[in-house]
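*Asks:* Position one of the sequence shown corresponds to residue 17 (the numbering used here), numbered consecutively onward.
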Amino acid sequence: MSRNRKAGVVTIIPDLSIIDIAEEGKGVGKADELVVFVEKAVPGDVADVRIVRKKKNFAEAVIENLQKKSELRTDPFCQHFGTCGGCKWQHMQYDAQLKFKHKNVEAALQRLAKIDTTGMEPILGSAENKYYRNKLEYTFSNKRWLDKSDMAERPDGLASESPNPDLEMNALGFHVPLRFDKILDVQHCYLQAEPSNSIRNQVREYALREGLSFYDLRNHEGNLRNLIIRTSSTGEVMVVVVFAYAEQEQIDGLMEYLKLNFPQISSLLYIVNQKKNDTIFDQEVITYAGRDHIFEEMDGLKFKIGAKSFYQTNSDQAHELYKITREFAGFTGEELVYDLYTGAGTIANFVAGSVKQVVGIEYVPTAIEDAKFNSELNGINNTIFYAGDMKDILTREFIAAHGKPDVVITDPPRAGMHADVVERLLEMEAQKIVYVSCNAATQARDLALLKEKYEVVRIKPVDMFPHTQHVENVVLLKFNKVN
């Protein structure tokens, strides 16, 4: 049915049954032939929903009235749920999250790669589904996101469209989805363990008390820009404060405050970034106190983590992911392994003790330097690392020089592998490929091409990010020239 409002005609679909959940985390229902994606809906819900956007074959909606709650529902644990862009599935029981992640991987492989998934192994859930991240990045802003409770009251008791004049407009937290210049002021985040929340909240208090200005994302001005906090399983803590336009006295004041109030910080760093984007990879990192890095440990190996280092953000589950990768490869000790998209060489160093040699390739030069350092740190001498674009490095000449690999491990970014890289894999004809992916759709696209010479023999999803729709997937392919 429809009803009129001042803003125009509003369409309400009554008693919509939510039958599935989409890859982006929204509930899915069908009204006649119209597919409806519903924000914050859980399979099993029955709700009256309001259409907020309509296309030819689908619509997007929000719940107007929840008629029947799904048995899979649970109460969200975070006060910021629904506004913050993270943890979008925390209103759904964790076992149900795993079920739907498994189902989404299965559907992508079947639909896009026509792969038989009947032997697909159960998804591996995360032992911890709160405080599991080892890195968070916060943003300072002078334009805090406002909700209804922040608005001034009108004489008639209703909320006005103007904020309370006494409201603090500075914020330190996360970007609100689709609003690049609006920051949600985060009070408590369940993603990273202490001292993360204490550091963030005390930095905010110090900045407000001392009159440091929060960054203006539109006009590119202000003292404070970003705050990065990294923790490790070894108990070490790294804090990186990113300033924009600040005097050295202001920088020293905040850094000294952190040094004195948080003696557990092992690495206290700062950056001055006056570019128009937040990336720090081209910026100088200055060590204020402690080391310029912290250490992570996994499987008896130590890994150096700097401000710019890449490391899986769920340390415990990364260990499980790498163990599965190693198991899928079935090493005998005599293999030559190519580790594509090696990052900081974590997988390469992790499997080095089980093989003859590992050749790692990665686009980011600083990551390769970390990979080399980590090999040296652990006394590993059977790894070689190269920096450059994968499609340019992995040539016939490169393979001729280093040898044809017995096993290829590939862990590309969300976009998957370049077509030239897939073509080179088909030419190499390694006996096994272990494909680790954070995007089942692009993985399926690549697998469809590799089917020309390879057979998928094992599939196992791994949940690295509870309460989100994201999931890793590990696939073992074996060379099958008959194909």
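Built from N, CA and C at the ideal position, the CB exists for glycine as well. Computed from a predicted model, the values in this text were never measured in an experiment.
Is the distance from the Cβ of Y154 to the Cβ of Y206 below 8 Å?
*Replies:* Going by C-beta atoms, Y154 is not nearer than 8 Å to Y206.
*Asks:* Given a cut-off of 8 Å, decide if S33 and G41 are closer than it, judged by their beta-carbon atoms.
*Replies:* For G41 and S33, no; Cβs fall outside 8 Å.
*Asks:* Could you give the distance in angstroms between the alpha-carbon of V215 and the alpha-carbon of F278?
*Replies:* The residue asked about is misnamed: residue 215 is Ile in this sequence, not Val. If you take the alpha carbons of I215 and F278, they lie about 8 Å apart.
*Asks:* Can you give the Cα-Cα distance for I400 and V255, rounded to whole angstroms?
*Replies:* Using only the alpha carbons, I get a separation of about 31 Å.
*Asks:* Could you give the distance in angstroms between the alpha-carbon of N235 and the alpha-carbon of A364?
*Replies:* So the alpha carbons of these two residues sit roughly 44 Å apart.
*Asks:* From the DSSP output, which residues share a beta bridge with F366?
*Replies:* Per DSSP, none; premise fails for F366.
*Asks:* Opposite F344 in the DSSP bridges: which residues?
*Replies:* According to DSSP, F344 bridges with nothing at all.
*Asks:* Excluding the 5 residues flanking Y357 on each side, which residues of the same chain have their C-beta closer than 6 Å to its C-beta?
*Replies:* Answer for Y357: D427, P428, listed in chain order.
*Asks:* What separation, rounded to the nearest whole angstrom, lies between the Cα atoms of D479 and E263?
*Replies:* Whole-angstrom Cα-Cα distance: 44 Å.
*Asks:* Near P421, what residues of its chain come up, given a Cβ to Cβ distance below 7 Å and the 5 sequence neighbours on each side ignored?
*Replies:* These residues qualify, in order along the chain: L352, V353, Y354, M444, A446.
*Asks:* Who are M108's beta bridge partners in DSSP?
*Replies:* M108 is bridged to R89.
*Asks:* Which residues mark the beginning and the end of the alpha helix (DSSP H) in which D163 is found?
*Replies:* It is not in any alpha helix (DSSP H) - D163 carries neither H nor E in the DSSP assignment.
*Asks:* Can you give the Cα-Cα distance for V54 and F74, rounded to whole angstroms?
*Replies:* Those two C-alpha atoms are separated by around 11 Å.
*Asks:* Sorted by chain position, which residues of the same chain lie with C-beta nearer than 8 Å to Y261's C-beta, five sequence neighbours on each side aside?
*Replies:* Correct list, in chain order: E237, G238, N239, Q290.
*Asks:* On a Cα-Cα basis, can you pick out the residue from Y379, K198, K115, H309 that is closest to I281?
*Replies:* Checking every option, the nearest Cα to that of I281 belongs to H309.
*Asks:* For A187, which beta-bridge partners are listed by DSSP?
*Replies:* Paired residues: S157.
*Asks:* Return the CA-CA distance between M433 and D462, expressed in angstroms with no decimal places.
*Replies:* Going from the Cα of M433 to the Cα of D462 covers about 7 Å.
*Asks:* Of all the alpha helix (DSSP H) runs that stay within the bounds of the segment 367-403, which reach a length of 4 or more residues?
*Replies:* Fully enclosed alpha helix (DSSP H) runs of 4 or longer: 381-393.
*Asks:* For N20, count neighbouring C-beta atoms within 10 Å of its own C-beta (all shown protein chains included) and say buried if the count is 16 or more, exposed if not.
*Replies:* Its pLDDT being 39, under 50, N20 is placed unreliably in this model, and the value from its coordinates should be taken loosely. The residue is exposed, with fewer than 16 neighbouring Cβ atoms inside 10 Å.
*Asks:* By how many angstroms is the C-alpha of L466 removed from the C-alpha of L16?
*Replies:* Residue numbering for the chain in the displayed model covers 17 to 499; residue 16 lies beyond these limits and cannot be assessed.
*Asks:* Could you tell me the boundaries of the alpha helix (DSSP H) in which L441 lies?
*Replies:* Looking at the DSSP string, the run of the alpha helix (DSSP H) that includes L441 is 435-444.
*Asks:* On a CA-only basis, which of A334, G227, Q328 is nearest E265? Give me that one, please.
*Replies:* For E265, the nearest C-alpha among the options comes from G227.
*Asks:* Quick one, which of S157, N398, K84, A38 has its alpha-carbon nearest W105's?
*Replies:* When each option's Cα is compared against that of W105, the closest is A38.
*Asks:* Around the C-beta of M271, are 16 or more other C-beta atoms found within 10 angstroms, so that it is buried, or is it exposed?
*Replies:* Label assigned to M271: buried.
*Asks:* What are the boundary residues of the beta strand (DSSP E) that includes I314?
*Replies:* The question names Ile, but residue 314 in the sequence shown is Met. M314 -> beta strand (DSSP E) spans 309-314.
*Asks:* Residues in its own chain within less than 7 Å of D436 by CB, not counting five upstream and five downstream?
*Replies:* For D436, where only same-chain residues beyond five positions count, the Cβ hits under 7 Å are K407.
*Asks:* Taking only three categories from DSSP, how would you classify F116?
*Replies:* The answer is helix: DSSP assigns F116 an H, G or I state.
*Asks:* Hey, quick one: how far does the alpha helix (DSSP H) through V424 stretch, first residue to last?
*Replies:* Run containing V424: none in the alpha helix (DSSP H); it sits in the beta strand (DSSP E), 423-426.
*Asks:* For N213, does the count of other Cβ atoms within 10 angstroms reach 16, so buried, or fall short, so exposed?
*Replies:* N213 is buried by the Cβ-count criterion.
*Asks:* Please report the straight-line C-alpha distance between V374 and S391, rounded to a whole angstrom.
*Replies:* Going by the C-alpha atoms only, they are around 11 Å apart.
*Asks:* Keeping to the same chain, check which residues put their C-beta closer than 6 Å to that of F389; ignore five residues upstream and five downstream.
*Replies:* Hits under 6 Å: K320.
*Asks:* Is it the case that the Cβ atoms of V438 and T341 are separated by a distance below 8 Å?
*Replies:* No, the pair does not count as a contact, with Cβ atoms beyond the cut-off.
*Asks:* Rank S229, Q109, V219 by C-alpha distance to the C-alpha of L276 and give the top, closest one.
*Replies:* Residue V219 is the option with its Cα nearest to L276.
*Asks:* Can you tell me which of the three DSSP states A305 falls into?
*Replies:* Reduced to three states, the DSSP call for A305 is strand.
*Asks:* What separation, rounded to the nearest whole angstrom, lies between the Cα atoms of I28 and R430?
*Replies:* In a straight line, the C-alpha of I28 is about 36 Å away from that of R430.
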